[in-house]
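A quick write-up on the structure given underneath.
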Amino acid sequence: MASHKDSCSLNNKVRVRFAPSPTGYLHIGGARTALFNWLFARHHQGEFILRVEDTDSSRSTEEYIDAIIDSMEWLELNWDEGPYRQTDRFSIYKSYVEELLKKGKAYPCYCTPEELDQRRQDALSQGKPPKYSGSCRTIAEPIQGKPATVRFKMPQEGQIVVDDLIKGSVIFENNQLEDFIILRSDGAPTYNFVVVVDDIDMEITHVIRGDDHLNNTPKQIHIYKALGREIPVFAHIPMILGADKARLSKRHGSVSVMAYKEMGYLPDALANYLVRLGWSHGDQEVFTKKELIRYFSLGAVGKSAAVFNPEKLLWLNSQYINKSESRVLAEMVMPFLVRKGIVSEGERLDMEWLSKAIESLQERSRTLIELADSLRYYLLDYVEIDQEAKKKFLSRDMDRLAELKERLSGLALFTAAEIEKVFISMAEKHNIKLGDIAQPARVAITGNTVSPGIFEVMEIVGHEKALKRLSKVVEEA
RNA sequence: GUCCCCAUCGUCUAGCCCGGCCUAGGACACCGCCCUUUCAAGGCGGUAACAUGGGUUCAAAUCCCAUUGGGGACGCCA
């Protein structure tokens with residue numbers, strides 16, 4: 010689709026923001042919104058701003074703020090400004106509330122939460138829209154000493170058009186909109202108001218967010234108008250759903266970004282997967298960060314919601330592991346090796362050797378956890394032998410394994426090529442297939458029936474450990 | 001209930017804006033085959049979709065309308 014649409018009417022530098030509320034961990038959906046904003050900013054050489062929407066003091070926590078930041082950092086979504094905190098900016102909001110009050114575009118409301126709740130219930134049960142009546146609009150003089158909120162005076166006739174980059178022109182009837190609260194009785198401003206003030210104050214040019222905000226947009230545009238400010242470009246991106254097409258939530262499995270880190274996913278793989286949910290570039294599936302920045306365009310973002318598919322993410326992760334530098338993987342897998350007790354905390358490994366071991370496992374590991382599990386038989390002295398495998402491959406012809414051990418121990422060069430020669434000559438001598446000797450050896454060395462090529466495995470495991478393991482199974486047979 | 005959004009294989013999507021090149025392309029998953037010391041990776045092939053009904057048109061997946069289905073929003077949450 011027309012990518013020129015993205016850049017029309019921007020003489021100024023692109024400034025976008027990601028504005029999570031710290032009432033939970035960064036989840037998959039939020040991460041994608043952040044990613045789209047980040048890509049848009051980087052594509053246009055604009056600025057990406059992080060803003061924490063913590064005006065709900067009862068639900069926001071420091072812990073969540075830190076967790077969101079950790080997740081953003083892990084995904085390498087670096088920001089140019091912030092993190093700003095709305096709780097640091099209350100005086101700014103106050104001044105804007107004053108402005109609206111002075112202009113007669115807002116008014117105090119003395120209705121109590123209980124009254125409002127009751128009216129809402131009544132309206133809903135009668136099948137009527139639960140809209141605020143506007144009863145306090147006509148109160149001429151402020152009532153001293155009575156707790157009040159401040160409501161925005163919404164135009165009650167006409168239409169408002171949201172010109173959305175993704176959804177197109179969306180028309181709302183003003184009489185559907187209510188005089189919503191912009192300032193709580195405790196003096197804290199509310200979301201639909203602060204978001205506008207902040208976007209004005211931070212000179213945000215493009216508001217890119219989930220389409221669950223589309224319905225808020227007409228209210229917000231009216232605030233811009235009442236304040237006489239320029240309206241930014243809106244782009245409402247479709248949501249991510251679970252397999253049952255319901256809004257993605259905990260019951261669909263892991264939804265927090267950090268859970269994917271724990272499960273051994275690479276940040277770039279997750280980002281690649283997420284960006285492809287709603288966005289595409291022809292038939293391409295795997296992108297480098299550079300390519301994403303170069304190709305990304307809001308015009309190529311689809312309109313419909315996407316179902317999160319963990320299997321495709323797993324496949325993408327395997328692609329990333331496969332093509333990553335083994336040195337990089339070596340660093341990344343360390344915490345997993347420690348967690349599994351394969352390596353002890355602070356233990357130094359020969360990283361060159363570890364990289365070599367990893368290279369043999371890259372194309373058969375889909376996550377860092379799988380990689381760490383396989384690394385077990387390279388690192389430990391002895392391996393636990395799978396009982397099934399033992400029964401099948403280590404219950405007969407043990408003479409051959411003994412012979413193999415003898416011949417290998419005489420090898421001057423313990424390399425895959427030399428080891429292979431021994432296997433081949435044994436197969437020829439006994440007139441058996443290579444697998445007939447390779448499989449028992451594999452079980453003896455790795456403890457299981459599945460591994461990279463056994464000659465290569467033996468070389469990496471090394472002369473000493475390999476022979477020790479062979480001896481052990483021969484003795485125990 | 002009211003308002004808003006959406007609708008191509010099971011899933012992610014290309015194609016739709018600018019109708020013919022679409023007997024609808026790619027990817028995940030699934031199923032075969034090849035390769036092979038196991039498992040992968042890789043290669044080759046297969047099953048599988050334009051929600052329905054009306055228009056408009058010489059021609060519609062593509063434009064219009066309706067229906068149905070799904071999602072979202074209606075808070076002194078964000």
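In our numbering, the protein residues as written are 10 to 486. C-beta: ideal position from N, C-alpha, C; glycine also.
For residue i, count neighbouring C-beta atoms within 10 Å of its own C-beta (all shown protein chains included) and say buried if the count is 16 or more, exposed if not.
i, result
"Asp173", "buried"
"Ala475", "buried"
"Thr214", "buried"
"Pro122", "exposed"
"Tyr391", "exposed"
"Ala398", "buried"
"Ser12", "Because the pLDDT at Ser12 is just 36, under 50, the model does not fix this residue reliably, and the point stays unresolved."
"Leu84", "buried"
"Asp277", "buried"
"Ser66", "exposed"
"Glu182", "exposed"
"Lys112", "exposed"
"Lys293", "As written in the sequence, residue 293 is Gln, which differs from the Lys given in the question. Classification of Gln293: exposed, given that the 10 Å Cβ count is below 16."
"Arg478", "buried"
"Arg357", "exposed"
"Arg348", "exposed"
"Gln168", "exposed"
"Ala149", "exposed"
"Asn440", "exposed"
"Pro151", "exposed"
"Ile433", "exposed"
Which whole-angstrom value is the C-beta distance of residue i and residue j, which I expect to be below 8 Å?
i, j, result
"Val284", "Leu301", "6 Å"
"Ile37", "Val266", "7 Å"
"Met211", "Arg24", "7 Å"
"Thr226", "Phe202", "With 8 Å as the limit, Thr226 and Phe202 do not qualify as a contact, their Cβ atoms being about 14 Å apart."
"Val482", "Leu410", "7 Å"
"Ala157", "Pro117", "4 Å"
"Val204", "Gln185", "20 Å between Cβ atoms; not a contact."
Excluding the 5 residues preceding and the 5 following residue i in the sequence, name in chain order all residues of the same chain whose CB lies nearer than 6 Å to its CB.
i, result
"Ala450", "Ile463"
"Leu279", "Tyr269"
"Ala76", "Tyr34"
"Ala486", "Met407"
"Tyr304", "His290"
"Val216", "Pro241 and Phe243"
"His52", "Ile302 and Phe305"
"Ser374", "Ile330 and Leu380"
Can you list, in chain order, the residues of its chain with a C-beta nearer than 7 Å to that of residue i? Leave out the 5 residues immediately preceding and following it.
i, result
"Ser100", "none"
"Asn21", "Thr214"
"Ser69", "Ser30, Pro31, Thr32 and Asp63"
"Gly287", "Ile246, Pro247, Val310, Gly311 and Ala315"
"Phe345", "Gly273, Leu377, Ile378 and Ala381"
"Trp88", "Phe57, Ile58 and Leu59"
"Lys254", "Val316"
Does the beta-carbon distance from residue i to residue j come in below 8 Å?
i, j, result
"Ala309", "Pro247", "no"
"Val337", "Leu403", "no"
"Val466", "Ser369", "yes"
"Ile191", "Arg160", "yes"
"Gly350", "Glu393", "no"
"Leu223", "Val179", "yes"
"Leu389", "Ala366", "no"
"Gly251", "Phe189", "no"
"Thr42", "Gly219", "yes"
Could you pull out every residue in the same chain whose Cβ sits closer than 8 Å to the Cβ of residue i, ignoring the five residues on either side in sequence?
i, result
"Glu468", "Phe423, Thr424, Ala425 and Ile428"
"Ser480", "Lys414"
"Lys442", "Ala436"
"Arg193", "Thr158 and Thr199"
"Leu275", "Asn326, Tyr329, Ile330, Ser333, Met341 and Leu377"
Unbroken beta strand (DSSP E) runs of length 3 or more, entirely within the segment 153–182: which are they?
Entirely contained in the segment 153–182, the beta strand (DSSP E) runs reaching 3 residues are, in chain order, 158–161, 168–173 and 177–182.
Note down, one range per segment and in chain order, each alpha helix (DSSP H) of at least 4 residues found wholly within the segment 20–56.
Residue ranges of uninterrupted alpha helix (DSSP H) with 4 or more members, entirely inside the segment 20–56 and ordered along the chain, are 37–52.
Mind listing, in chain order, the continuous alpha helix (DSSP H) runs of no fewer than 4 residues lying wholly within the segment 312–386?
Within the segment 312–386, the complete alpha helix (DSSP H) runs of at least 4 residues are 319–332, 335–348 and 360–370.
Any chance you could list the alpha helix (DSSP H) runs of at least 4 consecutive residues sitting entirely within the segment 178–215, in chain order?
Here the runs fully enclosed are 200–210.
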